[in-house]
Every structure is written in C-alpha cells, then in structure tokens.
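Novice: Per this note's numbering: the sequence shown ends with 109, consecutive numbering throughout.
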Amino acid sequence: MVHYSAAYRKDRRRHPRRSCSIAIEFSEKGKSRSIPCTCIDISESGMGITSDYELEIGQIISFKIKDVQHPKSAVVIWSKKDQCQYRAGLMFI
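And the structure:
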C-alpha cells in the first residue's frame with residue numbers, strides 16, 4: 017500500500033521528471049550516518065529514490081550527490097516497499 021502526504025495529494029508533479037540512475041547518500045536530518053541509495057528520477061522540485069532503508073512521510077533528510085560540495089535537503093512526500101527495496105518521492109526544501 018502506498019501512503020501519500022496531504023501535500024502530494026493536493027499538488028502532484030509541477031515539473032517534468034527525467035529518468036536517471038545516480039548513486040547518492042542521504043542521512044536523517046541531524047544524524048551523521050550516511051545511507052547509500054539511487055536517484056531514479058529528478059526534476060526541478062524533487063526526485064525519486066530507491067533504497068534498502070525505509071523512509072517515513074514527512075521525514076526530512078540531507079543528501080549528497082558526488083561532486084556537489086554542499087549537502088541538500090528534502091522532505092519525504094511518499095514512500096512504499098517495491099519488491100526487495102523501498103521507493104520514495106522527495107521534495108527539495
């Protein structure tokens with residue numbers, strides 16, 4: 017079952033997404049443990065990821081993309097289990 021936040025239900029994708037496969041790392045806001053994941057699509061306002069780690073709706077994460085100096089932040093808009101991994105939609109903040 018997919019759970020969506022109220023913000024996602026109200027305002028679905030404002031910007032076109034582009035498919036990709038980019039290795040990134042994220043951490044929960046305020047924690048130092050980095051978790052590897054893959055960005056599978058990206059737009060001006062957010063991205064979709066796959067991960068072995070389950071994310072919760074409303075959770076704020078910091079993520080780092082290779083060759084980008086400063087970490088960026090995002091909020092989890094939706095999350096679901098997809099076969100043996102988890103998928104999540106993130107909105108940049």
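Every residue gets a Cβ at the ideal spot worked out from N, C-alpha and C, and that includes glycine. Computed from a predicted structure; not experimentally measured.
Taking E3 as part of the beta strand (DSSP E), name the residues at either end of that continuous run.
Specialist: Nothing about residue 3 can be read from this structure; the chain reaches only from 17 to 109.
Novice: With a threshold of 16 other CB atoms inside 10 Å of the CB of G46, please say whether the residue is buried or exposed.
Specialist: Burial call: exposed.
Novice: Would you decide whether C55 is buried or exposed? Buried here means 16 or more other CB atoms lie within 10 Å of its CB.
Specialist: Buried, by the Cβ-count rule.
Novice: Under 8 Å Cβ to Cβ from G64, same chain only, skipping five residues before and after it: list those, please.
Specialist: These residues qualify, in order along the chain: R33, C55, I56, D57, I58, R103, A104, G105 and L106.
Novice: Are the beta-carbon atoms of I77 and F42 separated by less than 7 Å?
Specialist: It is a contact, given that the beta carbons lie within the stated cut-off.
Novice: Compute every distance between the C-beta of D57 and the non-hydrogen atoms of the ligand COA, then say whether any falls below 6 Å.
Specialist: By its list of ligands, the structure shown contains no ligand whatsoever, and the ligand COA lies outside what it can speak to.
Novice: If you drop the 5 nearest sequence neighbours on each side, which residues of the same chain put their C-beta closer than 7 Å to that of E60?
Specialist: For E60, where only same-chain residues beyond five positions count, the Cβ hits under 7 Å are H31.
Novice: Please check the pair S67 and Q99, which I expect to be a contact at CB under 8 Å, by giving their CB distance rounded to whole angstroms.
Specialist: With a Cβ gap of about 13 Å, S67 and Q99 do not count as contacting.
Novice: Based on Cα-Cα distance, which residue from C36, K97, K80 and G74 lies nearest to P52?
Specialist: Considering only alpha carbons, the answer is K80.
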